[in-house]
């Protein structure tokens, strides 16, 4: 997905790095059945002057911006909450 949005491939040094894996039982909105969902979160360093691929409409947000914006899915809020608890959101220590 990142390659499609940014419109380019990545070198091995740039490639995505796993940040965390979240497993959680949730009731499906589609059929009401309880299911184990697995979410894998990856990080990708991007340059400050990065450009999106032509025709891509996107908005860069900081983690704290997600609390004040709509529409935002419950899943996004859940993942960000989990990552905040684990200390996986910026600013990162150097």
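Numbering (the working numbering), first residue to last: 5 to 98. Cβ coordinates follow ideal geometry from the N, Cα and C atoms, glycine included.
At a Cβ-Cβ threshold of 8 angstroms, residue 42 and residue 27 count as neighbours.
Residue 20 and residue 59 have their alpha carbons spaced roughly 23 angstroms apart. The beta carbons of residue 49 and residue 18 sit about 7 angstroms from each other, so the pair counts as a contact at 8 angstroms. With respect to the 8 angstroms criterion, residue 10 and residue 51 are not classified as neighbours on the basis of their beta carbons. Straight-line spacing of the CA atoms in residue 39 and residue 85 works out to 20 angstroms.
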